[in-house]
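Position in the sequence shown (first residue = 1) + 55 = our numbering.
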Amino acid sequence: MTRKTVVIGMDGVPLRLIEELTDSGDMPNCAHLRKEGYLSSMHSAVPEVSNVNWSSIVTGANPGEHGIYGFTELIPGTHTVCFPDRRALKAPPFWSDNSKRYVLLNIPAMYPAPEVNGVFVSGFVAPDLDKAVKPMDELEYLRSIDYEVDVDSSIAHKSHRLFLERLFETLEKREKAYRYYWTRKWDVFMLVFTGSDRLEHFLMDAYADEEHEYHEEFIRYFREIDRIVGDIYGSMDEGSRLVMLSDHGMEPIKINVNVNALLEQNGLLELGGHPEKRYNNIVDEGTSAFALDPGRIYLRDKDVAREVVKLFEGLKYEGEDVIGRINLRDDVYHGPEIERAPDIVLTPNSGYNIKGGVKYEDVFEKNIFKGKHTASDAFLYCNEKCIPRSPTVEDVRDIIEK
Ligand SMILES: [Zn+2]
Numbered sequence: 056m057t058r059k060t061v062v063i064g065m066d067g068v069p070l071r072l073i074e075e076l077t078d079s080g081d082m083p084n085c086a087h088l089r090k091e092g093y094l095s096s097m098h099s100a101v102p103e104v105s106n107v108n109w110s111s112i113v114t115g116a117n118p119g120e121h122g123i124y125g126f127t128e129l130i131p132g133t134h135t136v137c138f139p140d141r142r143a144l145k146a147p148p149f150w151s152d153n154s155k156r157y158v159l160l161n162i163p164a165m166y167p168a169p170e171v172n173g174v175f176v177s178g179f180v181a182p183d184l185d186k187a188v189k190p191m192d193e194l195e196y197l198r199s200i201d202y203e204v205d206v207d208s209s210i211a212h213k214s215h216r217l218f219l220e221r222l223f224e225t226l227e228k229r230e231k232a233y234r235y236y237w238t239r240k241w242d243v244f245m246l247v248f249t250g251s252d253r254l255e256h257f258l259m260d261a262y263a264d265e266e267h268e269y270h271e272e273f274i275r276y277f278r279e280i281d282r283i284v285g286d287i288y289g290s291m292d293e294g295s296r297l298v299m300l301s302d303h304g305m306e307p308i309k310i311n312v313n314v315n316a317l318l319e320q321n322g323l324l325e326l327g328g329h330p331e332k333r334y335n336n337i338v339d340e341g342t343s344a345f346a347l348d349p350g351r352i353y354l355r356d357k358d359v360a361r362e363v364v365k366l367f368e369g370l371k372y373e374g375e376d377v378i379g380r381i382n383l384r385d386d387v388y389h390g391p392e393i394e395r396a397p398d399i400v401l402t403p404n405s406g407y408n409i410k411g412g413v414k415y416e417d418v419f420e421k422n423i424f425k426g427k428h429t430a431s432d433a434f435l436y437c438n439e440k441c442i443p444r445s446p447t448v449e450d451v452r453d454i455i456e457k
């Protein structure tokens, strides 16, 4: 008989937050697990975007192998932006091993749902629940509990209170679904919480600030997660493996940095049309470099590589270096999909939120968001000694399959 494995994902939760909330007593179940098992920091993919990370987590592959570099992508041979989904994934995920049975709930970046030996429910981005569920028979139940793949984050732009209400509702439905599917026959059960990422993006400032209007609610969300984790752990068979992880960390934003604004100011990028309209076909003739979110730079003219690197090496904000690491394609990617990779990927220093959009006023800007992804402090936990030294998201698949 195969040994059972449970995987609990928490999108965007930094190791530091887990450490602090287990120390403070807000996450008592995780504190207990921490004492019994092994907790490590984990490096994210380049760039540290959720769908790139989750693609590496489930395939064990480098972006150069699985072909996912961000939520946006260029249609080959054009400068037109498209949105890759699960069908663009070029490396096989762990559930392609049909000898095991699976319950896989809310798996990010895996839409439409693939056929699996068991049940699959896609996580974000999943616009249509009908296509997010396999087999289709499961739809009836999920519809009956009004299951939601993701909280509607647009609400946060209008009201944080309403956003929080909806966030807890979404979590409640996620918990219902987990309980319903827990009693099925499975060898690998995976459940991902994505509300953590949403909460931190909009309210990261509420975490450290005890006076913040929503400080208590922020902590309460993690207490709820902890309660569900305790529940899951408490009902696992003896000898099962428990893996918990996040895909990237999160930290407060000091300032947003518009990569394309800097390229434009330096004559490397020419954008046609009005800012509101210039999304899809983002470059004009005369452009030699442009960026897609977050800091993926594509060179139309390879001769400007050195100039671009120098430009970002020298970028300062209030006397501070903005960019921590400038990743060149061949240094961070390998595999058959490398041809489509960005030429340069920027990893910022702490607090700088790198953006590759084309709607901006200036290089440095503030906006509604309070939290941004970090690359080196995701967490990885296992109740057994199986975590390699300095793990990366590419190491997770092995641990799930062992
Ligand atoms: Zn994420």
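The C-beta atom is built at its ideal place from N, Cα and C for all residues, glycine as well.
Bear in mind the structure is a predicted one, so any value in this text is a computation, not a measurement.
Per DSSP, the bridge partner or partners of residue i
i	result
D376	K371
E420	N311
R351	L347 and V400
C441	Its beta-bridge partners do not exist; DSSP assigns none.
M538	Any property of residue 538 remains undetermined from this structure, which presents the chain solely from 56 to 457.
N408	N311
E128	C137
N382	V400
Y276	None; Y276 has no bridge partner.
M97	A433
H428	M305
M299	I63 and Y436
T447	H98
Best match in the options for proximity to residue i [C-alpha to C-alpha]
i	options	result
E193	R216, Y233, A211 and R395	Y233
R141	G119, R156, I130 and G178	G178
E319	E340, I123 and K309	E340
R239	D417, G173, P182 and V284	G173
H103	P443, R380 and I454	The question names His, yet the displayed sequence has Glu at residue 103. Per the Cα distances, R380.
S251	D242, F218 and A344	F218
L222	D386, S199 and E272	E272
D281	L317, K414, T60 and A86	A86
E392	S214, Y124 and R58	Y124
E224	D242, F248 and W241	F248
F138	K425, V107 and F277	V107
P397	G115, G122, I73 and T114	G122
S151	V136, G132 and G115	G115
P148	P163, V136, I378 and L88	P163
G132	Y353, L326 and L72	Y353
F419	V314, A143, E227 and G289	V314
S111	H389, C441 and Y415	H389
E170	P182, M191, V180 and A344	M191
H428	E195, I274 and L254	L254
P182	Y202, E195 and Y93	Y202
V68	C441, H303 and P118	H303
V363	G374, D385, I73 and L324	L324
Per-residue DSSP class, three states only, for residue i
i	result
K332	In this prediction, K332 scores a pLDDT of 48, lower than 50, which makes its location untrustworthy; no coordinate-derived value is stated.
I454	helix
T249	coil
R221	helix
P138	The identity of residue 138 in the sequence shown is Phe, whereas the question assumes Pro. Coil, per DSSP.
A316	helix
F175	strand
Y166	coil
K90	helix
G341	coil
V68	coil
R156	coil
R361	helix
V113	helix
V243	strand
Residues near residue i by beta carbon distance below 7 Å, same chain, minus five either side
i	result
Y236	V158, L160 and V174
D376	N404
A211	F218 and F257
Y269	H215, L219, L258 and A261
A316	Y415, D417 and V418
K371	V377
L366	L317 and N321
Neighbourhood of residue i by C-beta, 6 Å cutoff - its chain only, sequence neighbours within 5 removed
i	result
M245	V62 and L159
N84	D281, V284 and G285
H256	F424 and G426
L70	S96, D432 and F434
K332	The pLDDT assigned to K332 is 48, lower than 50, so where the model puts this residue is not dependable, and the model offers no usable value.
A168	F175, S177, A187, V188 and K189
Y334	The predicted position of Y334 is uncertain, since its pLDDT is 49 and thus under 50; no value can be drawn from it.
Same chain, Cβ closer than 8 Å to residue i, neighbours up to 5 away in sequence not counted
i	result
P443	D450
R198	L184
D291	Sequence check: residue 291 is Met here, not Asp. Cβ neighbours of M291 beyond the five flanking positions: K59, V61 and L297.
Check your understanding: Given 8 Å as the limit, is there contact between the segment 288 to 305 and the segment 348 to 367, that is, 3 or more CB pairs closer than that?
Key -> no
Check your understanding: Would you call the segment 394 to 414 and the segment 300 to 316 touching, i.e. three or more CB-CB distances under 8 Å?
Key -> yes
Exercise for review: Please determine if the segment 56 to 76 and the segment 283 to 296 are in contact, where contact requires at least 3 C-beta pairs separated by less than 8 Å.
Suggested key: yes
Practice item. For the segment 429 to 439 and the segment 99 to 114, state whether three or more C-beta atom pairs, one from each stretch, are separated by less than 8 Å. Key: yes
Practice item. Would you check if there are 3 or more beta carbon pairs closer than 8 Å linking the segment 127 to 140 to the segment 199 to 208? Key: no
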